[in-house]
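Chains as they are written, first to last, in the numbering used here: chain A, 1 to 103; chain B, 104 to 322; chain C, 323 to 587; chain D, 588 to 738.
#1: Name the chain A residues that come within less than 9 angstroms of residue 369 of chain C, Cβ to Cβ?
#2: Whose C-beta lies closer than 8 angstroms to the C-beta of residue 547 of chain C among residues of the same chain, with five residues either side of it excluded?
#3: Start and end of the beta strand (DSSP E) containing residue 253 of chain B?
#4: Determine, for residue 660 of chain D, whether the minimum Cβ-Cβ distance to residues of chain A falls below 7 angstroms.
#5: So residue 662 of chain D is in the beta strand (DSSP E); what residue range does that whole segment cover?
#6: Using a Cβ cut-off of 8 angstroms, pull out every chain C residue sitting near residue 655 of chain D, in sequence order please.
#7: Tell me where the beta strand (DSSP E) around residue 690 of chain D begins and ends.
#8: From the DSSP output, in three-state form, read off residue 195 of chain B for me.
#9: Is residue 652 of chain D close to chain F, meaning its C-beta is less than 7 angstroms from at least one C-beta of that chain?
#10: Give a yes or no on whether the C-beta atoms belonging to residue 45 of chain A and residue 91 of chain A are separated by under 7 angstroms.
#11: So residue 239 of chain B contacts chain C; which residues on that side make the cut at Cβ distance below 9 angstroms?
#12: Three-state secondary structure (DSSP) at residue 482 of chain C?
#13: When we look at the beta-carbon of residue 601 of chain D and count the other beta-carbons within 10 Å, is it buried (16 or more) or exposed?
#14: Write down every uninterrupted run of the beta strand (DSSP E) in the stretch 489-529 of chain C whose length is 3 residues or greater and which is fully enclosed by it, in chain order.
#15: Quick test of your reading: residue 21 of chain A and residue 702 of chain D, contact by CB under 8 angstroms. State the CB separation rounded to the nearest angstrom.
#16: Would DSSP call residue 699 of chain D helix, strand or coil?
#17: Run through chain D and tell me which residues come within less than 8 angstroms of residue 18 of chain A, C-beta to C-beta.
#18: Around the C-beta of residue 603 of chain D, are 16 or more other C-beta atoms found within 10 angstroms, so that it is buried, or is it exposed?
#19: If we count the other Cβ atoms within 10 Å of its Cβ and call it buried at 16 or more, is residue 281 of chain B buried or exposed?
#20: Using alpha carbons as the reference points, say which of C/348, C/347, C/369 and C/565 lies closest to residue 476 of chain C.
#21: Do residue 430 of chain C and residue 381 of chain C have their C-beta atoms within less than 7 angstroms of each other?
#22: According to a CB-to-CB cut-off of less than 8 angstroms, which residues of the stretch 53-68 of chain A neighbour chain C?
#23: List, in order along the chain, the chain C residues whose C-beta lies closer than 7 angstroms to that of residue 732 of chain D?
#24: State the DSSP-derived secondary structure class of residue 573 of chain C, mapped to helix, strand or coil.
#25: Across which residues does DSSP place residue 464 of chain C in a beta bridge pair?
#26: Count the other CB atoms within 10 Å of the CB of residue 267 of chain B; is the residue buried (16 or more) or exposed (fewer)?
#27: If the criterion is Cβ atoms closer than 7 angstroms, does the pair residue 26 of chain A and residue 98 of chain A meet it?
#28: Report the option in C/357, C/518, C/451 and C/354 whose CA atom is closest to the CA atom of residue 573 of chain C.
#29: Quick one: does residue 101 of chain A have its CB under 7 angstroms from some CB of chain D?
#30: Would you list, in sequence order, the uninterrupted alpha helix (DSSP H) runs of no fewer than 4 residues that lie entirely inside the stretch 138-183 of chain B?
#31: Measure the Cβ-Cβ separation of residue 228 of chain B and residue 218 of chain B and say whether it is below 7 angstroms.
#32: Report the residue from B/163, B/174, B/191 and B/270 whose alpha carbon sits nearest the alpha carbon of residue 181 of chain B.
#33: Starting from residue 45 of chain A, trace the beta strand (DSSP E) both ways and give me its first and last residue.
#34: Return the residue from the list A/55, A/18, A/69 and A/79 that minimises the CA-CA distance to residue 691 of chain D.
#35: Would you check if there are 3 or more beta carbon pairs closer than 8 angstroms linking the stretch 668-676 of chain D to the stretch 715-729 of chain D?
#36: Given a threshold of 16 other Cβ atoms within 10 Å of its Cβ, counted over all protein chains shown, does residue 103 of chain A qualify as buried or as exposed?
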């Protein structure tokens, strides 16, 4: 279980803009530790965003997405008080789901 | 190494220190000085190779720091005393060889490594030069705390650093790197030789970086 | 005549250089603007707020009664008035040393033991997040570090002396890098901290998220790393030297807007 | 997109066999990069994995800084004005594995997205967009400056 995400969803002019910060080390697999041993890659593989149960964005990520990833996108519809749900799954099978209320 | 140098400096600067002390007689200032000494004593701890002796009182540092706090330059007599003591601490090359390899010098100039509490004592120290100076004009990541050194040799008319005509500039360059405060009492530049930051060979390579006509500095 | 030509050529070369440099600086400023949208510091702030309100420690209490200088439980506006004198401890304290006090008195932790924990580890990671949360509650407010109590005035004078104190293997003082306007180390601008360096610069920008290592750095960590690079021995966490430097920089920054938690390269 | 998914499934099957044979642990199987587009060490290989060399288009805006002070975090964004854009990919040409991220937009989602990627050195940032099943691309160079000071 990862740490909570920071999700902000705002609706304006019939469109909802979502901004998400995720807590993840996004280890690229290229670095070595103090003893010279390679640090294995550990990064988010997939991200799925849902509004009212319907997928509004899906993503596949590799190790080149920055640590503590940031993601912003927008979709048509969405009203104040409804929820947006974000889920990520990483390459070690860890996952996290958080929801936010649209403001 | 550093300790002996410091005691030499301390002895040479005692007279200057007395003069500086008598000119700052405001009691509140003296109280603050005492409070500062107490705070330093209680706040710092040894870590790795960085031991408390690194912040032991040292005359030429302390006089410059006091002048900075007061916001006024050192009086000429004190400044000259500091410069003379530091000049005496310069070690000139034992074999008379001042010039090394400018390519190795560039590496020394690029590196800012060494002597922090994370470093091992065996680590080869860098000169930290690019952090403050522009050197190779094609390299754009340089600091501005010190003057640009682009054209250093050329601007001083050095075409052959091994010629007798160039000897004064060569010697000055060595001395300035070895102990900058021999020429400017309160210079911000580290005393690379006197304080044991760089080796004799590394200083040779830096002198070459600045004075060799083939160095990018003089192109 | 020849000499004049040379001077003219040098001047020309310098102006071309200055032009190129300002393009580079414009590019870097643009990069920093782009980063400001979506600062991962918010993740640490969020955790810090949770920790503030969670009953923890041997006494199983929250920090909600912690007095940061504006009365028990008042968080908003506290950060821009720290460090300050606290009658209960008889000391001038910065945000982090004050948090140690609250964690000891309210929650029953041993402050001296906490101060020895490695940065980013265990309770020290929690203090980091709580400090980030508290600082964030003063975002947009202006610095007004008090100089009323005699101890606050003394600490300013001590901080000033520490700021100019040369030492270590390289004879560096804080002032070596932070004593003049418009200077750089490599490409990094180093603000002049002997006066108000401007809104959101220097003391008014920490805690900050550092994109280079993905770490959240508090002011204590910032000072610790400055001293590491100065090749000094280590300042103890929350020690009087670090607090005095905070008073010196904070008072100098009077009127500067706090942007903490900021985002940095 | 479909190709990527199919290939991923196929590879996962093979890894599954290795797990059942006890040659690798489940965690290693999960962690191993099984997606050809992400595993590819060349730009052409990554493009091949998502459907081939795209045509250049001025209808894709690549937003990336001219200069990135720190390659660990480079803000990137794209807006595709191509009608019926269903997918976008971000690639960093000079990275050891150029593919950075893929986004799929269902109907109703604007073909616009913003994120942050790592860049090992100065490189083109390439955005590929799929519209009506065809691939298009645009690029922008970002210079990565050396960071760093003492220590």
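Where a beta carbon is used, it is the ideal one built from N, C-alpha and C, also for glycine. Note that this is a predicted model, so its numbers are computed, not measured.
So, from the data block:
#1: Those are 3, 4 and 23, listed as they occur along chain A.
#2: Cβ neighbours of residue 547 of chain C within its own chain (closer than 8 angstroms, five residues either side excluded): 539.
#3: Note, residue 253 of chain B: premise wrong, no beta strand (DSSP E); not H, not E.
#4: So yes, residue 660 of chain D belongs to the interface.
#5: Residue 662 of chain D: member of the beta strand (DSSP E) spanning 661-667, first to last residue.
#6: Result: 353.
#7: Residue 690 of chain D -> beta strand (DSSP E) spans 686-691.
#8: Here residue 195 of chain B sits in coil by DSSP.
#9: No chain F appears in the structure shown, which is made up of the protein chains A, B, C and D.
#10: A contact, by the Cβ cut-off of 7 angstroms.
#11: Listed by position along chain C, the residues whose Cβ is nearer than 9 angstroms to that of residue 239 of chain B form an empty set, because the closest Cβ is around 13 angstroms away.
#12: Helix.
#13: Residue placement at residue 601 of chain D cannot be trusted, given a pLDDT of 47 that sits under 50; what the coordinates show is reported in the next sentence. Label assigned to residue 601 of chain D: exposed.
#14: If we require 3 residues or more, the beta strand (DSSP E) runs fully inside the stretch 489-529 of chain C come out as 505-507 and 510-512.
#15: Not a contact, Cβ separation roughly 11 angstroms.
#16: In the structure shown, residue 699 of chain D sits in a strand (DSSP, three-state: E or B).
#17: Think of a sphere of 8 angstroms around the beta carbon of residue 18 of chain A: no beta carbon from chain D falls inside it, the nearest being about 10 angstroms out.
#18: Because residue 603 of chain D sits at a pLDDT of 47, beneath the cut-off of 50, its placement in the model cannot be relied upon, and the point is left open.
#19: The residue is buried, with at least 16 neighbouring Cβ atoms inside 10 Å.
#20: The candidate whose alpha carbon is nearest that of residue 476 of chain C is C/565.
#21: It is a contact, given that the beta carbons lie within the stated cut-off.
#22: The stretch 53-68 of chain A vs chain C, Cβ under 8 angstroms: 66, 67 and 68.
#23: Within chain C, the residues near residue 732 of chain D are 509.
#24: Three-state result, residue 573 of chain C: helix.
#25: According to the DSSP secondary-structure assignment, residue 464 of chain C is paired through a beta bridge with C/579.
#26: Under this definition residue 267 of chain B is an exposed residue.
#27: No, these two residues do not count as a Cβ contact at 7 angstroms.
#28: That would be C/518, whose Cα lies nearest to the Cα of residue 573 of chain C.
#29: Taking Cβ atoms only, chain D never reaches closer than 7 angstroms to residue 101 of chain A, which makes this a no.
#30: Here the runs fully enclosed are 162-173.
#31: Result yes, Cβ atoms of residue 228 of chain B and residue 218 of chain B sit closer than 7 angstroms.
#32: Checked all of B/163, B/174, B/191 and B/270; the closest Cα to residue 181 of chain B is B/163.
#33: Run containing residue 45 of chain A: 44-51, per the beta strand (DSSP E) assignment.
#34: Answer by Cα proximity: A/55.
#35: As far as the Cβ criterion goes, the stretch 668-676 of chain D touches the stretch 715-729 of chain D, which means the pair count is three or higher.
#36: The residue in question, residue 103 of chain A, is exposed, as its Cβ has fewer than 16 Cβ neighbours within 10 Å.
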